[in-house]
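Student: Here it is, the structure in full.
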Amino acid sequence: MLSLDDPKTFGPARLGFADEKDVDLFVDTLEKFERGEIDSDAWRSFRLLNGVYSQRQDEWMMVRVKIPQGILTADQLRALAEVAERWSNGKGHVTTRQNVQFHFVKLEHAEEVLRRCAEAGLTTREACGNSVRNITTCPFAGTSAVEPFDPTPYAEALTRHLLGGPWSSSLPRKFKIAFGGCCGTDCVHAAINDLGFLARLGGTGGLSARASGGLSTRASGGLSARALRGFRLTIGGGTAVLPRSGFVAHEFLPATEVLEAAEAVVRVFHRIGDPKDRHRARLKYVIERLGQEAFLREYEREREAIRSEGGRPLIPDVGEDRDASPGQVPISSLQDGRPKSRDLSRDPRPAASDHRSAPAPTDSVPVHDSALPRSGFLPRPGYTEFARTNVRPQKQPGFSTVIVRLPLGDVTTGQFRSLADLAGRYGEGEARTTHEQNVVLRYIPDDRLANLHAELETTGLARPGARTVVDVTSCPGAASCRIAVTASRGLASLLGEFLESRPDLVAKAPSLHLKISGCPNGCGQHHIAGIGFQGGVRRFGKTVIPQYHVFLGGGISIPETVAQAFQPVREPLLEPVSQPALQRVPGTPLPAPNSPAARLAKRASAAGRTEGRPPAEGGATFGRLAARIPARRVPSALERLIDLYATERIGDEAPEEFFARLPLDRATKLLADLEEFGPEDVTPQDLVDLGEEKAYAVQVSAGECAV
93 MLSLDDPKTF
103 GPARLGFADE
113 KDVDLFVDTL
123 EKFERGEIDS
133 DAWRSFRLLN
143 GVYSQRQDEW
153 MMVRVKIPQG
163 ILTADQLRAL
173 AEVAERWSNG
183 KGHVTTRQNV
193 QFHFVKLEHA
203 EEVLRRCAEA
213 GLTTREACGN
223 SVRNITTCPF
233 AGTSAVEPFD
243 PTPYAEALTR
253 HLLGGPWSSS
263 LPRKFKIAFG
273 GCCGTDCVHA
283 AINDLGFLAR
293 LGGTGGLSAR
303 ASGGLSTRAS
313 GGLSARALRG
323 FRLTIGGGTA
333 VLPRSGFVAH
343 EFLPATEVLE
353 AAEAVVRVFH
363 RIGDPKDRHR
373 ARLKYVIERL
383 GQEAFLREYE
393 REREAIRSEG
403 GRPLIPDVGE
413 DRDASPGQVP
423 ISSLQDGRPK
433 SRDLSRDPRP
443 AASDHRSAPA
453 PTDSVPVHDS
463 ALPRSGFLPR
473 PGYTEFARTN
483 VRPQKQPGFS
493 TVIVRLPLGD
503 VTTGQFRSLA
513 DLAGRYGEGE
523 ARTTHEQNVV
533 LRYIPDDRLA
543 NLHAELETTG
553 LARPGARTVV
563 DVTSCPGAAS
573 CRIAVTASRG
583 LASLLGEFLE
593 SRPDLVAKAP
603 SLHLKISGCP
613 NGCGQHHIAG
623 IGFQGGVRRF
633 GKTVIPQYHV
643 FLGGGISIPE
653 TVAQAFQPVR
663 EPLLEPVSQP
673 ALQRVPGTPL
683 PAPNSPAARL
693 AKRASAAGRT
703 EGRPPAEGGA
713 TFGRLAARIP
723 ARRVPSALER
733 LIDLYATERI
743 GDEAPEEFFA
753 RLPLDRATKL
763 LADLEEFGPE
773 DVTPQDLVDL
783 GEEKAYAVQV
793 SAGECAV
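If you count the sequence shown from 1, position 170 lands on 262 in this note's numbering, and the numbers rise without skipping.
As structure tokens, this is what we get:
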């Protein structure tokens, strides 16, 4: 979705990913199935590759719309609103892979949903099934003060290269890719993706010394190492029943080689993966079976084959290092000779004066002086806290990014339309979904933040606490998923409400990450949470109640050599805009040794992979099982764990650091009485899952909807 500068468009125009022929083929294949010309297995496989899943409720389907890089234009937001209103249950759901999915859609309406999405440039192709899934990207890319460069165009180039390609829809199992490195951390959880790209500058290319096993690789194509753009590439990450942190294949992969490297790994997986055993078909199992060095030899073999076919060259646009070899194809001409991107040498976004005039303030927002500009009114109550947690300064002076917190990742029809309107009137004309199941609006002028907050409040979108402990991540769970054993959304709601009623607890661990999954597959990413909860079942003969496995100390770190801290966050803009805006803090990031990522990397260097800590080169730390707690006792367990952290942390130790080093038996003893639960303790409430009304029952069947 590389942008085009269009003088007739407010903000950048976007080229879509949809093809009406895909929708026609979906309809034709459905008709063949209904006529009995193809069997149910063939139809199911095709349906999944086109983003249409069955639900726990047999008469309903789930449709997942692919949102490459999480970018949605205002028109696309309005299209999603129409889908939610006409064919779904009045809302959409943002996933941890930045997609938007709709539940409770009739199969007979699938064509209408797909066509309405296609009209707006949105596709469902390869959003599901054994395919290359949505390529995710940091929503702050392009605006972060500490990023080496914006990786978004490279992620989009790879999306367009692989989407609908010869291997992308016929893999042994799903395949996930992420691009990040924008925020001084692994902001996209690259370590748990099949391919993880973290942006870096400098380097000489080639396989990392640790990973290559002495293999040679070609030079960096003549590009100057002076300011060479590239990526740290990890391969083979994943969670579920075999959590693995991706291993480092390249400490520095020149950006020119992104398409070649990614295609090579996909081709290896396509060629030697085992599609027969679905439970052991992910790329990480291939690597476990072959070993890293043997896998890298297969990878290098595919790269050589690609070069013999003419290669997959990719060079940057104007503004990047242009010392590439002649004949390479720029990002701006990736497909059909059509231009695909703006000139990256200048900021493409409108200056503050280009933004449309602010709306008149509402009656409930008093103005200091009638002579003030219309945007110069006092903020509504709650703005201070909202600005503190949901507003992030951009590297572009005078602009900020606003995180719109979406409890449970849900967006109503009205909220979709409101976001479309506000993105156009205040920002760049688009929104970006996040891995935390939220939405961000970017390029908001600093002197209009209070106006935006006031308008967000009218549609229930001004909740503070984004990216804090109250911002709980959850998969859909048993509300719709066939393989979930608990209603994870119910627990997420309960914990969110509990924490919002206990500001004292929030103040003790504001940065703690809570993530919930309804089964071991981990669609809620509970494996990498400071405190993660995995749905389970406790049985007393014929009596069953929902419970949660409590995991401690998960997280993501990066090597000390590349660890950076976030830019210091300024105070929120509280004065009327007739006064000068607060000065942005210029300069460099805080010293790397002071950052939590650096401290965790140091600790990992000494500890290796033991006790749940990450490897020395950085990566994913997977939580350790501390207890199994009946569902309705989970808030009590959370309270005890937060209190323990507040009491025993060392200095400014982050919650994830604390729980990663906490002796497991210490946590187990702390929660022991909550875990002790016999038949005599069962109450009528325990027999009903959280957020549900009918008696709890385990209803697991063949699953289709693992994210």
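Where is the CB? At the ideal position from N, CA and C, for every residue including glycine.
#1: Does the segment 263-280 come into contact with the segment 572-581, if we say contact requires no fewer than three beta-carbon pairs (one atom in each stretch) closer than 8 Å?
#2: For the putative contact between L541 and S492, defined by C-beta atoms under 8 Å, what is the C-beta separation to the nearest angstrom?
#3: Let's see if you can read the secondary structure: which residues bound the alpha helix (DSSP H) around L388?
#4: Can you give me the start and stop residues for the alpha helix (DSSP H) that N482 sits inside?
#5: Enumerate, from N- to C-terminal direction, the unbroken alpha helix (DSSP H) stretches of 4 or more residues contained entirely within the segment 314-389.
#6: In angstroms with no decimal places, state the Cα-to-Cα distance between P442 and F714.
#7: Quick check on this structure: which residue in A764, K124, P771 has the alpha carbon closest to the alpha carbon of K634?
#8: Tell me which same chain residues have a C-beta within less than 8 Å of the C-beta of T526, skipping the five on either side of it?
#9: I need the straight-line Cα distance from G288 to L345, nearest angstrom please.
#10: Straight-line CA distance for G403 to Y391?
#11: Near R753, which residues of its chain fall below 6 Å by C-beta distance, leaving aside the five closest residues on each side in sequence?
#12: By how many angstroms is the C-alpha of E349 removed from the C-alpha of Y246?
#13: Is the CB-CB distance between L548 and V564 below 7 Å?
#14: Determine which residues share a DSSP beta bridge with K183 and list them.
#15: Excluding the 5 residues preceding and the 5 following R741 in the sequence, name in chain order all residues of the same chain whose CB lies nearer than 6 Å to its CB.
#16: Rounded to whole angstroms, what is the Cα-Cα separation between N142 and F625?
#17: If L263 sits next to S223, beta carbons under 8 Å apart, how far is it from one beta carbon to the other, in whole angstroms?
#18: Do K183 and R225 have their C-beta atoms closer together than 7 Å?
#19: What distance in whole Å lies between the Cβ atoms of R372 and D366, which are believed to be in contact at a cut-off of 8 Å?
#20: Does DSSP put P771 in a helix, in a strand, or in coil?
#21: Is the separation between the beta-carbon of M153 and that of V197 shorter than 7 Å?
#22: Leaving out five residues on either side along the sequence, give the residues of the same chain with a beta carbon under 7 Å from the beta carbon of E394.
#23: Going by beta carbon distance, what residues of the same chain come within less than 8 Å of H618, once the five residues before and after it are set aside?
#24: List, from N- to C-terminal side, the alpha helix (DSSP H) runs of 4 residues or more that fit wholly inside the segment 150-231.
#25: On the three-state DSSP scale, how would you describe Q791?
#26: Taking Cβ positions, are L375 and D502 nearer each other than 7 Å?
#27: Please report the distance separating the alpha-carbon of A291 from that of F323.
#28: Report the rounded CA-to-CA distance for L406 versus E248, giving the unit in angstroms.
#29: Let me confirm a value: P335 is counted as buried when at least 16 other C-beta atoms fall within 10 Å, else exposed. Which label applies?
#30: In three-state DSSP terms, what is Q777?
#31: Counting beta carbon pairs with one atom in the segment 726-735 and one in the segment 590-600, are three or more of them shorter than 8 Å?
#32: Using the three-state DSSP reduction, which class does H641 fall into: helix, strand or coil?
#33: I721 to V562, Cα distance in whole Å?
#34: With a 10 Å radius around its C-beta and 16 neighbouring C-beta atoms as the bar for buried, classify V790 as buried or exposed.
#35: Looking at the unbroken alpha helix (DSSP H) that takes in I734, where does it start and where does it end?
#36: For the beta strand (DSSP E) containing L606, name the first residue and the last one.
Tutor: Quick answer:
#1: The segment 263-280 vs the segment 572-581: no contact.
#2: The pair is a contact, with the Cβ atoms about 6 Å apart (cut-off 8 Å).
#3: Element bounds for L388: 384-400.
#4: Membership of N482 in the alpha helix (DSSP H) is indicated by the continuous run 475-482.
#5: Listed in chain order, they are 350-364, 375-382.
#6: Per-residue confidence for P442 stands at a pLDDT of 42, beneath the threshold of 50, marking its modelled position as unreliable; the derived number appears in the next sentence. The straight-line gap from Cα to Cα measures roughly 42 Å.
#7: Here the closest residue by C-alpha is P771.
#8: Around T526: G162, V186, Q190, P231, I495, V532.
#9: For the pair G288 and L345, the Cα-to-Cα distance works out to about 12 Å.
#10: Linking G403 to Y391 through their CA atoms gives a straight-line distance of about 14 Å.
#11: Within the same chain, R753 has no close Cβ partners at all.
#12: Roughly 10 Å between the two C-alpha positions.
#13: For the 7 Å CB-CB criterion, L548 and V564 do not form a contact.
#14: Paired residues: T504.
#15: So the qualifying residues of the chain are F750.
#16: A direct Cα-to-Cα measurement between N142 and F625 gives close to 31 Å.
#17: Contact between L263 and S223 is confirmed by a C-beta separation of about 6 Å, below the 8 Å threshold.
#18: Taking 7 Å as the Cβ cut-off, K183 and R225 do not qualify as a contacting pair.
#19: With a beta-carbon spacing of about 7 Å, D366 and R372 fall inside the 8 Å limit used to define contacts.
#20: In the structure shown, P771 sits in a helix (DSSP, three-state: H, G or I).
#21: Cβ atoms of M153 and V197: closer than 7 Å.
#22: For E394, where only same-chain residues beyond five positions count, the Cβ hits under 7 Å are A356, R359, V360.
#23: Within the same chain, H618 has close Cβ partners K607, I608, S609, G624, F625, Q626, F643, G646, G715.
#24: The qualifying runs are 166-178, 202-211.
#25: Note: Q791 maps to coil in three-state DSSP.
#26: Remark: C-beta atoms of L375 and D502 do not approach each other more closely than 7 Å.
#27: Cα atoms of A291 and F323: separation of roughly 4 Å, rounded to the nearest angstrom.
#28: Taking the straight line from one Cα to the other gives about 12 Å.
#29: With 16 or more Cβ atoms within 10 Å of its Cβ, P335 is classed as buried.
#30: In this structure, Q777 counts as helix in the three-state DSSP scheme.
#31: Yes: at least three Cβ pairs fall under 8 Å.
#32: Note: H641 maps to strand in three-state DSSP.
#33: Approximately 20 Å between the Cα atoms of the pair.
#34: By the C-beta density criterion, V790 is exposed, having fewer than 16 other C-beta atoms within 10 angstroms.
#35: 726-740 is the extent of the alpha helix (DSSP H) around I734.
#36: First-last of the beta strand (DSSP E) with L606: 606-609.
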